[in-house]
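In the UniProt record's numbering, the protein residues as written are 1 to 406. C-beta: ideal position from N, C-alpha, C; glycine also. Everything below concerns the one structure shown next.
This is how it looks when you write it as structure tokens:
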């Protein structure tokens, strides 16, 4: 049986055109013979070591694999002329080597239809350079990214995407380190959820008072300064609040950051339109105490002119927790009076802290540009009552968030 790799109509069209031409084109027949010979040469050692009863199957299978590669190559090299060049330049032989290097279990997975794949898989582990698939018979199959052709990787990613989008097996999706992100009730809990953040020190609860004590400033005096736009402070006051803000550790590539997004932007991240993070952000640990939509809205002062945050009509707010390889592009958003460059209008303060009206002290940051994010970033929705739901996990190989659940 010829493996099915038709994912686009043009591939099927190419296959039909090529096969139909064989009785009438000696050049195409020679091309087909060359593909089969190259396939056989690469498979010969495996064929010679096979049991006698398996050899008939393997002969048919190698022909099927040759045709499969003909179709797949045709989808990229555009036509029989391009395919001829692909074969003669060694591209076809190299592709066959990849198949030979893959185990039979991997090839079996790649030939499965989505429904069959879902039924056959117990768990999925995502590693740095490969997937590990634990089958129902407890066989662990490694699928290296580099061993897959572009089409095969796309097909496999589609299977994983289908698992996650449809929540068919919510307890089978695992992060890069192989540690499950599933609760005992079978629902998916992110690794960057509220419970995880509770283990981190927050600036307001752990560092602020100590810093203020060192400079002889009370919390009330500090809050008076923090709430005032920097350009309305005296030079002495600006130096004081800048010394406090500069004492806070700078985010690194290992720091969990948090970006709040309007409800209307959530789908743009889930469907792949948005893949980066920009604008104003915070350290996730510094906002872990914000328990609901209103807390976030007031603490981050999302009531700026033109805001897309609508606390009266919105059902939820979006939260992205992430690490970035571009932490050097994160800066303290000082206004011009604080030797910075940001000129936004109030409630932007220009002093590095938000003008929170509810007693919260939130150090804020701003991205110099849109930031790339690391694999495993998590997108949540927070309901008005503070309930968080994990919506998506960022897949760096796909370059987008993969939807979790329905």
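The distance from the Cβ of residue 360 to that of residue 299 is about 4 Å, consistent with a contact at the 8 Å cut-off. When secondary structure is reduced to three states using DSSP, residue 394 falls in the strand class. Here the alpha carbons of residue 25 and residue 325 stand approximately 54 Å from one another.
Contact between residue 231 and residue 335 holds, since their C-beta atoms are separated by about 6 Å, short of 8 Å.
Inter-residue distance for residue 366 and residue 235 is about 24 Å (C-alpha atoms, whole angstroms).
Cβ-Cβ distances below 7 Å link residue 87 to 31, 34 and 35 in the same chain, with the five nearest sequence neighbours on each side left out; the list follows chain order. Residue 400 carries a strand assignment under DSSP once its states are collapsed to helix, strand and coil.
For residue 373, DSSP records no beta bridge to any residue.
In the displayed model, residue 326 falls within coil according to three-state DSSP, outside both helix and strand. Taking 4 residues as the minimum length, the alpha helix (DSSP H) runs contained wholly in the region 202-285 are 208-215, 219-226, 235-246 and 266-270, in order along the chain. Shown here, residue 342 sits in a strand according to DSSP, grouped into three states. Boundaries of the beta strand (DSSP E) harbouring residue 379: 378-383, taken from the DSSP string. A Cβ-Cβ separation of about 6 Å places residue 393 in contact with residue 376 under the 8 Å criterion. In this structure, the straight-line span from the alpha carbon of residue 331 to that of residue 344 is close to 15 Å. The C-alpha of residue 263 is placed about 17 Å away from the C-alpha of residue 291. Boundaries of the beta strand (DSSP E) around residue 366: 365-367. Under the Cβ criterion (8 Å, minimum of three pairs), the region 247-255 does not count as touching the region 295-315. Secondary structure note for residue 299: its alpha helix (DSSP H) is the uninterrupted segment 293-299. Considering only 371, 217 and 248, the residue with the shortest C-alpha distance to residue 237 is 217. By DSSP's assignment, residue 92 forms no beta bridge with any residue.
Taken atom to atom, the span from the alpha-carbon of residue 90 to that of residue 18 is near 19 Å.
In the displayed model, residue 388 falls within a strand according to three-state DSSP. Residue 280 and residue 369 have their C-alpha atoms roughly 11 Å apart.
For residue 353, the beta-bridge partners assigned by DSSP are 363. Cα atoms of residue 329 and residue 284: separation of roughly 17 Å, rounded to the nearest angstrom. Residue 380 is a Cβ neighbour of residue 318, given a cutoff of 9 Å. Contact check for residue 274 against residue 265 passes: the beta carbons are separated by less than 9 Å.
Within the same chain, Cβ atoms closer than 6 Å to the Cβ of residue 355 are found at 227, 301, 347 and 349, the five residues on either side in sequence being excluded. Under the three-state reduction of DSSP, residue 82 is assigned to helix. For residue 321, the beta-bridge partners assigned by DSSP are 258 and 378.
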